[in-house]
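Below: one structure, written as structure tokens.
There are 2 protein chains.
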Amino acid sequence: MNCNTPTDIGFSFAGFRQRGGGTDHHEDGFGIAFFERSDSGRLGLRQFHDNKPSHLSPVADLINHHPIKAMNVIAHIRKATTGEKNSLANTHPFVREVWGEQWAFAHNGQMTDSFIRRTQRLHDNGNAEHYSPVGMTDSELAFCYLLNRLKSTFKSRPSDEALFAFLTAQCRYLSANGLFNCLISNGHWQLAYAGSLLFYLTRKAPFGEAHLSDGEMSVNFGDLTTDKDKVTILVTIPLTKNETWQQIAVDECLVFQDGDVVFRDTPSKKTYLSIEDGIALARSVGASV
Amino acid sequence: MNCNTPTDIGFSFAGFRQRGGGTDHHEDGFGIAFFERSDSGRLGLRQFHDNKPSHLSPVADLINHHPIKAMNVIAHIRKATTGEKNSLANTHPFVREVWGEQWAFAHNGQMTDSFIRRTQRLHDNGNAEHYSPVGMTDSELAFCYLLNRLKSTFKSRPSDEALFAFLTAQCRYLSANGLFNCLISNGHWQLAYAGSLLFYLTRKAPFGEAHLSDGEMSVNFGDLTTDKDKVTILVTIPLTKNETWQQIAVDECLVFQDGDVVFRDTPSKKTYLSIEDGIALARSVGASV
Chain Y
1 MNCNTPTDIG
11 FSFAGFRQRG
21 GGTDHHEDGF
31 GIAFFERSDS
41 GRLGLRQFHD
51 NKPSHLSPVA
61 DLINHHPIKA
71 MNVIAHIRKA
81 TTGEKNSLAN
91 THPFVREVWG
101 EQWAFAHNGQ
111 MTDSFIRRTQ
121 RLHDNGNAEH
131 YSPVGMTDSE
141 LAFCYLLNRL
151 KSTFKSRPSD
161 EALFAFLTAQ
171 CRYLSANGLF
181 NCLISNGHWQ
191 LAYAGSLLFY
201 LTRKAPFGEA
211 HLSDGEMSVN
221 FGDLTTDKDK
231 VTILVTIPLT
241 KNETWQQIAV
251 DECLVFQDGD
261 VVFRDTPSKK
271 TYLSIEDGIA
281 LARSVGASV
Chain C
1 MNCNTPTDIG
11 FSFAGFRQRG
21 GGTDHHEDGF
31 GIAFFERSDS
41 GRLGLRQFHD
51 NKPSHLSPVA
61 DLINHHPIKA
71 MNVIAHIRKA
81 TTGEKNSLAN
91 THPFVREVWG
101 EQWAFAHNGQ
111 MTDSFIRRTQ
121 RLHDNGNAEH
131 YSPVGMTDSE
141 LAFCYLLNRL
151 KSTFKSRPSD
161 EALFAFLTAQ
171 CRYLSANGLF
181 NCLISNGHWQ
191 LAYAGSLLFY
201 LTRKAPFGEA
211 HLSDGEMSVN
221 FGDLTTDKDK
231 VTILVTIPLT
241 KNETWQQIAV
251 DECLVFQDGD
261 VVFRDTPSKK
271 TYLSIEDGIA
281 LARSVGASV
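Chains as they are written, first to last, in the UniProt record's numbering: chain Y, 1 to 289; chain C, 1 to 289.
Given below as structure tokens:
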């Protein structure tokens, strides 16, 4: 979620968490990172990770019962493909500090064996000096690869334009070395890269009613919002059936800020996968959608 | 807490959280980091941070009601002296990844203005390349200083002996530049450095009963433990009255592993502050005990 006003993710999370062992099989833990603003506007990060399936987790109950209003949220439910199940160290989102900002990252996909071996070798030889994975997933390895490239290339924070162009190029490289869908946020912006399947929806005035695909829940956002609110939700597979979700093209990179698209890099030839084809592609490389 | 078997910190936390706005005035948020072992023995980190006072926080309720069994825990209740109150970015423990390990850090004290200015200048000039503070506290600045010195000195992880000696020297430097009590853990060991006040207690067989100083709560650890369990609790001010707490000397550094002291560096002249003198010293430099 990326929005222009502190927003409670409760409705989307209520549907999403059901996919963690309820309506779907992503039952090997979950994680969620909330970027919140203090009274003076300073960003802070609150993280929850649990190795229990999200549809049963007491931590997920807390998130549902005590709504947290945030500017940016990244949530991930895990189906273990690489690395131990039920291990906290393997649950996304992964977080690292970059130039005094917290960066959160979630990945859906599967990096190739040759990428994993090559990148692991860089770490073993001491040539990945800034960041190293804590857990055993290909995803955290890809995140550390991307951040090591970033810190080696820029001594200090570049302009947003240079940063987004650089991150797009790195995501394209990662997508060429595996199945790579990701979300990255520093709390100010949220970057979405679609290696296969990724959708988004921007809710703004006039707000209507939404019905969850994964549960008996509806909400009329008109009752909960002001006319100025703008809230963008990004997901692998749409959470509601009665709203029009936009699909991100394969190998397209978008960056959102205050609920709006502020950067877009689209491949010259736009392609879109059907949800069925996206799921089949994930299965064929041993990943999970 | 540092122990040799996964242990629930519930009893100590029940007393500790009362000091966050209940029996004491540390009401500007709290944080707690749990290092847990997965089934295969791999360490993961679960963090909770809240900008609400710990004695009222729903996050603290969750921790009390759903006991989490961990090998190492660092908890901190905050009384803001430097940096905005009620800001998530300013709540301890601070966490950074070091050589593929999560390191958690909590500080009690106050760094001098000249240390803050000097260290801030290193960051502004790009001479603190590995870690930068996210929030506005002197504590996170001290932690980043220590980790930047560590990464600049050792390209890869040194032996524990070399590491503990280096960390002791850095803590001594920080203690000479402010009031500096700290706890640091990578999940395997926990380092305690006493700039003024720090106590510890090791509970092991034969286990007895303990009564909280901050609430109407007693527990007979004999009912909850096995004869092999060894659990060390480290605190600024003892949590119970009927047990014998060991005081750590001023500028002494201890490292605990599996509940035992595995490293100790004591100044040639041992001094101990009374709790009253420790509180007075903290107040005199604008810190809070």
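Where a beta carbon is used, it is the ideal one built from N, C-alpha and C, also for glycine.
Taking the alpha helix (DSSP H) that ASN148/Y falls in, what are its first and last residues? 138 to 153
Counting pairs of Cβ atoms below 8 Å between the region 259 to 270 of chain Y and the region 279 to 289 of chain Y, do you hit three or more? Short answer: they don't touch.
Please classify GLY126/Y as buried or exposed, where buried requires at least 16 other C-beta atoms within 10 Å of its C-beta. exposed
Using a Cβ cut-off of 9 Å, pull out every chain Y residue sitting near ASP39/C, in sequence order please. GLU84, LYS85, ASN86, SER87
Count the other C-beta atoms from every protein chain shown that fall within 10 angstroms of the C-beta of ALA142/Y, then say buried if there are 16 or more, exposed otherwise. buried
With a CB to CB cut of under 6 Å and the five nearest residues on each side skipped, what residues in its chain are close to GLY222/Y? PHE207
Beta-carbon proximity list for GLY187/C, same chain, < 6 Å, skipping 5 on both sides: PHE35, LEU43, ASN72
Does chain Y have any CB closer than 9 Å to the CB of GLU101/C? yes
For PHE115/C, I'd like the list of residues in its chain whose CB is within less than 7 Å of its CB, leaving aside the five on either flank, ordered along the chain. ASN177, GLY178
In this structure, does DSSP put THR225/C in helix, strand or coil? The answer is coil: DSSP assigns THR225/C none of H, G, I, E or B.
Under the DSSP definition of a beta bridge, which residues are partnered with HIS65/Y? Bridge partners of HIS65/Y: none, in fact.
At a Cβ threshold of 9 Å, is TYR145/Y touching chain C? no
Kindly say whether ASP50/C, judged by its beta-carbon, lies nearer than 9 Å to any beta-carbon of chain Y. yes
Within its chain, find whatever has a CB closer than 6 Å to the CB of THR5/Y; leave out the 5 residues flanking it on each side and keep chain order. ASP229
Listed by chain order, chain A residues near TYR131/C by CB distance under 7 Å: The structure shown contains no chain A; the protein chains it does contain are Y and C.
Determine the contact status of residue 322/C and LEU239/C, defining contact as a CB-CB distance below 9 Å. For chain C, the structure presents residues 1 to 289; residue 322/C sits outside this window and is missing.
If we define contact as Cβ-Cβ less than 9 Å, is ARG78/C a contact residue for chain Y? no
So, using beta-carbon positions, are GLU97/C and VAL134/Y closer together than 9 Å? yes
Going straight from the alpha carbon of THR202/Y to that of HIS211/Y, what length do you get? If you draw a straight line from the Cα of THR202/Y to the Cα of HIS211/Y, it is about 15 Å long.
Is it the case that the Cβ atoms of THR137/C and GLY83/C are separated by a distance below 9 Å? yes
When you compare only the Cα positions, how much space is there between ASP50/C and THR271/Y? 43 Å
Applying a beta-carbon distance threshold of less than 9 Å, which residues of chain Y neighbour GLY22/C? Those do not exist, as GLY22/C stays about 19 Å from chain Y at its closest Cβ, beyond 9 Å.
From what residue to what residue does the beta strand (DSSP E) around ARG117/Y run? First-last for ARG117/Y: 113 to 124, but that is the alpha helix (DSSP H), not the beta strand (DSSP E).
Per DSSP, cross-strand counterpart(s) of GLN257/Y: GLN257/Y has ASP260/Y as its beta-bridge partners, per DSSP.
Are residue 295/C and HIS65/Y closer than 9 Å when you measure CB to CB? A question about residue 295/C goes unanswered here, because the residues of chain C that appear run from 1 up to 289.
Taking Cβ-Cβ distances below 8 Å as the criterion, which residues of the region 51 to 66 of chain Y are in contact with chain C? ASN51, PRO58, VAL59, LEU62, HIS65, HIS66
Below 7 Å on C-beta distance, what does GLU36/Y contact in chain C? LEU88
Determine, using beta carbons only, whether THR226/C and GLN190/C come nearer to each other than 9 Å. For THR226/C and GLN190/C, no; Cβs fall outside 9 Å.
Would you mind working out which of ASN2/C, PHE11/C, HIS130/C, ARG172/C sits nearest VAL219/C, comparing C-alpha positions? Distance from the Cα of VAL219/C is smallest, within the candidate group ASN2/C, PHE11/C, HIS130/C, ARG172/C, for PHE11/C.
Hey, is VAL134/Y's beta-carbon within less than 9 Å of any beta-carbon in chain C? yes
6 Å CB neighbourhood of GLY22/C in its chain, flanking five on each side removed: Correct list, in chain order: HIS55.
How far does the beta strand (DSSP E) with ARG172/C in it extend, from its first residue to its last? Note, ARG172/C: premise wrong, no beta strand (DSSP E); alpha helix (DSSP H) at 160 to 175.
Using the beta-carbon of each residue, which ones in chain Y are nearer than 7 Å to GLN47/C? GLN47
Got a sec: is the Cβ-Cβ distance from HIS92/Y to anything in chain C below 9 Å? no
Mapping the DSSP letters down to three states, classify ASP39/Y as helix, strand or coil. coil
Apart from the five residues on each side of it in sequence, which residues of its chain come closer than 6 Å, Cβ to Cβ, to HIS76/Y? GLY31, HIS92, PRO93, ALA106
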